[in-house]
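Structure, rendered in structure tokens:
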């Protein structure tokens, strides 16, 4: 018996195989490094197809010469691994795209600075970030903008480290800010 597209949605296939069978991914899409990396590196053709399909995705536009883009890449890889953990309840693709390989696409999405990361739900932009953030902030933004309550709860239970509170400023600064007005520190 030959497998059908209906068989592709069964739980016996890996998430990437299900996406390929549904036409949401192609074998030409490559991971960014080791087999454990879940970050997809899109070329212009793949990006146009994927964005036209209108799925749920986090897409980062960058360039090879951009320093902040290089800083963002490992953070995107961690985000992609976190999203892979919730594939059972949410299908969020995390991808990186070289804007110089797809200038028309970058222009269509009004990308004027690198890196620019877009959060897309059903193909529509719901959030935009110009610059880089740590993986925990990217995960929290993704949970806030792309995951439903069930998927966010699942992610919080499976990966609580992404949601641990972090201090906004050093303790010395926090106590200094509570000093009496006009007091020199």
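Numbering (the numbering used here), first residue to last: 3 to 187.
Glycine is no exception: its CB is placed at the ideal position from the N, C-alpha and C atoms.
(request) Helix, strand or coil for residue 91, going by three-state DSSP, please let me know. (result) Locating residue 91 in the chain shown gives position 89, where the first residue counts as 1. Reduced to three states, the DSSP call for residue 91 is coil.
(message) Give me, in chain order, the residues of the same chain whose beta-carbon lies closer than 6 Å to that of residue 80; leave out the 5 immediate sequence neighbours on both sides.
(response) Sequence index remark: in the chain shown, residue 80 carries index 78 (1-based). Here the set comprises 137.
(message) Quick check: what's the CA-CA separation for residue 151 versus residue 129?
(response) Position 149 of the chain shown, counted from the first residue, corresponds to residue 151. Position 127 of the chain shown, counted from the first residue, corresponds to residue 129. Cα-Cα distance, rounded: 18 Å.
(request) Would you identify the three-state DSSP class for residue 64, choosing helix, strand or coil? (result) Your numbering for residue 64 matches position 62 in the chain shown. Here DSSP, grouped into helix, strand and coil, assigns residue 64 to strand.
(message) Quick check on residue 47: buried or exposed, where buried means 16 or more other Cβ atoms within 10 Å of its Cβ?
(response) By one-based count along the chain shown, residue 47 stands at place 45. Its Cβ having fewer than 16 others within 10 Å, residue 47 is exposed.
(message) Quick test of your reading: residue 115 and residue 132, contact by CB under 8 Å. State the CB separation rounded to the nearest angstrom.
(response) The residue labelled residue 115 in the question sits at position 113 within the chain shown. The residue labelled residue 132 in the question sits at position 130 within the chain shown. Sure, about 5 Å apart at Cβ, within 8 Å.
(message) Please classify residue 110 as buried or exposed, where buried requires at least 16 other C-beta atoms within 10 Å of its C-beta.
(response) Stepping through the chain shown from its first residue, residue 110 is reached at position 108. The residue in question, residue 110, is exposed, as its Cβ has fewer than 16 Cβ neighbours within 10 Å.
(request) Please confirm whether residue 63 and residue 113 have their CB atoms less than 8 Å apart. (result) Here residue 63 is taken as the residue at index 61 of the chain shown, counted from 1. Here residue 113 is taken as the residue at index 111 of the chain shown, counted from 1. Yes, these two residues count as a Cβ contact at 8 Å.
(request) Please determine, among 56, 44, 83 and 65, the residue with the shortest C-alpha to C-alpha distance to residue 140. (result) Here the question's residue 140 lines up with position 138 in the chain shown. Closest by alpha carbon: 83.
(request) Please state whether DSSP places residue 128 in a helix, a strand or coil. (result) Looking up residue 128 in the chain shown gives position 126. In the structure shown, residue 128 sits in a strand (DSSP, three-state: E or B).
(message) Between which two residues does the alpha helix (DSSP H) holding residue 42 run?
(response) Here residue 42 corresponds to residue number 40 of the chain shown, with the count starting at 1. It is not in any alpha helix (DSSP H) - residue 42 instead sits in the beta strand (DSSP E) that spans 42 to 44.
(message) Need the endpoints of the alpha helix (DSSP H) that residue 144 sits in, please.
(response) Walking along the chain shown from the start, residue 144 turns up at place 142. For residue 144, the enclosing alpha helix (DSSP H) stretches over residues 137 to 148.
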